[in-house]
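Asks: Chains as they are written, first to last, in the numbering used here: chain A, 5 to 134; chain B, 48 to 142.
Note that the Cβ used here is the ideal one computed from N, Cα and C, for glycine as well.
The structure under discussion is supplied below as structure tokens; questions concerning it will follow.
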């Protein structure tokens, strides 16, 4: 049964990682109009225990996207400079939506596998029962 | 002429210690490991369920712990049923 429970642990770690990714994507989308906001990116890494990888995934440090901020022309804005521009955010909604959809697909795949592991172990036990 | 008690009874008395429980048996054998792993899984799942109800743990951990408990309980119940069935089969044997 150790393989089944290991597989369950690994898929659960995958779901956790995708949920964390979705959390940061939603943060980026919510702050798309915040002046001076840099979009956040999150990295994935495999979990290492006692010097070797155990197959699970975890989310690493949150990094800020250092690309140039969007210049928005609005002379009436209180933060506008001499040319009437102010720093917007560097969030691209298309990228964020695509990222969110990718997280959803990956989450679904992990969920499917979790369910499959459960079904496999249940049908193995059903074999003994008859 | 030498009078001895029934040799069958003697043999029975000699073989009895084989079925007595051994108090010094270590639990590092396979079945002991399985049983302690089962108890550990149940404990962990209860802890996770409690902390999830009080808002501490994330739902993934809860689902994972409950699924593993379901697996463990199912295994234990199936093995127990099989053992009891085998024992009843022996009891039904015509002597």
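Residues of the segment 101-116 of chain B in Cβ contact with chain A at a cutoff of 8 Å, in chain order, please.
Replies: The residues in question are 105, 107, 108, 110, 111, 114 and 115.
Asks: Residue 16 of chain A CB to nearest chain B CB: under 7 Å?
Replies: Residue 16 of chain A sits at position 12 when you count from the first residue of the first chain. So yes, residue 16 of chain A belongs to the interface.
Asks: Can you give me the Cβ contacts of residue 118 of chain A inside the same chain, cut-off strictly under 6 Å, excluding the 5 residues immediately before and after it?
Replies: By 1-based counting over the first chain, the position of residue 118 of chain A is 114. Once the five neighbours on either side are set aside, the close Cβ partners of residue 118 of chain A are 15.
Asks: So residue 125 of chain A and residue 48 of chain A are supposed to be a Cβ contact under 8 Å. How far apart are they, rounded?
Replies: Within the first chain, numbered from 1, the residue matching residue 125 of chain A stands at position 121. Within the first chain, numbered from 1, the residue matching residue 48 of chain A stands at position 44. Actually they do not touch by this definition, with Cβ atoms about 27 Å apart.
Asks: Residue range of the alpha helix (DSSP H) that residue 103 of chain A falls in?
Replies: Here residue 103 of chain A corresponds to residue number 99 of the first chain, with the count starting at 1. Element bounds for residue 103 of chain A: 97-133.
Asks: Kindly provide the ranges of any beta strand (DSSP E) runs that are 3 or more residues long and lie completely inside the segment 53-125 of chain B, ordered along the chain.
Replies: none
Asks: Give every residue of the same chain whose Cβ lies closer than 6 Å to the Cβ of residue 57 of chain A, excluding the five residues on either side of it in the sequence, and list them in chain order.
Replies: Taking the first residue of the first chain as 1, we reach residue 57 of chain A at position 53. If we look at residue 57 of chain A and ignore the five residues flanking it on each side, its Cβ neighbours are 50.
Asks: Mapping the DSSP letters down to three states, classify residue 15 of chain A as helix, strand or coil.
Replies: Along the first chain, one-based indexing puts residue 15 of chain A at 11. Correct three-state label for residue 15 of chain A: helix.
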